[in-house]
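See structure below.
Protein chains: 2
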Amino acid sequence: MARGKVQMRRIENTTSQQVTFSKRWTGLLKKVYELSVLGNAKVAVIIFSQKGRLHEFSSNSKIRKTIDRYCRSTNDAATYQANMEQYILEAIRTMSWILLNRRNPTDGGSARAKSEQH
Amino acid sequence: MARGKVQMRRIENTTSQQVTFSKRWTGLLKKVYELSVLGNAKVAVIIFSQKGRLHEFSSNSKIRKTIDRYCRSTNDAATYQANMEQYILEAIRTMSWILLNRRNPTDGGSARAKSEQH
DNA sequence: ATCACTATTTATAAAAA
DNA sequence: TTTTTTATAAATAGTGA
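Which chain is which? The protein sequence lines are A and B, in order.
Under my numbering, residues 383 to 500 are what the first sequence spells out, in order.
Under my numbering, residues 383 to 500 are what the second sequence spells out, in order.
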């Protein structure tokens, strides 16, 4: 906008791409903030710029809350559960190995102590 | 904007709040899309409107990818890990109980078979 | 990266359909 | 709820510090 229309394609020039990204990110943040206030809504925005830098905004102080809520409400929960299962499976395998290699099942092993630090 | 400045506070009138939300969400989507194209960035936006309705957008077809990347890269990973630990801890307790109550440690138990279905 | 300027393009509030 | 209209408010591209 301004001084000529913008073509909707990737900006090749690195410098101007970064300038545009910075300006538009600022503008976007304002829009998101306004929407969350006016509409009394919970919002989370996550952006990875081309350089891999993380930008984020959340109307909650905890962006995780919105994300978690998302994870629970979307069909993509299948992916979420699949990831979770991998973690759990790994933990179970570790625990199994520990238990199977212990002499006395009743004394507290280090693995157990560690897991209960939580 | 237009026909008078907007006060930055929650719109009490339900109808006009919804109209404003709908319009601004549309505008926001466009902005986010433009930013992702111009800046060649990966973007995810999640909004829960007051009614609890989920609105989302992602420049990836899989919004989960951006979210997962977020989870791994942010400091809030502490929260993420804490949640994960709870799941793992529960799994370990279950597995421990199963293992501790088995007669023969070398035959395949049902719990193990189940966990390896993944 | 950010800030200022500013001509233009966009977004949108209000009203009505 | 969604769309159209349209007067205005906002956002921003290009430029230079």
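Virtual Cβ for every residue (Gly too), placed ideally from N, Cα, C.
A distance below 7 Å between beta-carbons, with the five flanking residues on each side excluded, links B:PHE430 to the following residues of its chain, in chain order: LEU436. The alpha-carbon separation between A:ASN395 and B:LYS387 amounts to approximately 36 Å. Going by DSSP, A:SER398 is part of no beta strand (DSSP E) but of the alpha helix (DSSP H) stretching over 396-420.
Interface criterion met: the Cβ of B:GLY409 is under 8 Å from a Cβ in chain A. CA-to-CA, the gap between A:SER398 and A:GLY434 works out to about 17 Å.
Setting aside the 5 residues that flank it on each side, B:GLU438 is surrounded in the same chain by ALA426, VAL427, ILE428, ILE429, ILE445, each with a C-beta closer than 8 Å to its C-beta; the list follows chain order. By the neighbour-count definition (other C-beta atoms within 10 Å, threshold 16), B:LYS405 is an exposed residue. Using beta-carbon distances, A:THR396 does not count as an interface residue toward chain B, since no partner is under 8 Å.
A direct Cα-to-Cα measurement between A:GLY421 and A:LYS412 gives close to 14 Å. Taking the CA atoms as reference points, B:PHE403 sits about 18 Å from B:TYR415. The criterion of a C-beta distance shorter than 8 Å is not satisfied by B:ALA423 and A:GLN400.
Within the model, the alpha-carbon separation for A:VAL419 versus A:MET383 is close to 26 Å. B:GLY386 has a beta carbon lying at 8 Å or more from every beta carbon in chain A.
For B:LYS424, the chain A residues whose C-beta falls within less than 8 Å of its own C-beta are ILE429, PHE430, listed in chain order. For B:LYS413, the neighbours in chain A by C-beta distance under 8 Å run, in chain order, ARG406, GLY409, LEU410, LYS413. DSSP places A:ALA423 in no beta strand (DSSP E); its state is neither H nor E. For B:SER440, the uninterrupted beta strand (DSSP E) run begins and ends at 436-440, by DSSP.
The three-state reading of DSSP puts B:VAL427 in strand, counting E and B together.
With contacts defined as CB atoms closer than 8 Å, A:TRP407 and B:LEU417 qualify as a contacting pair.
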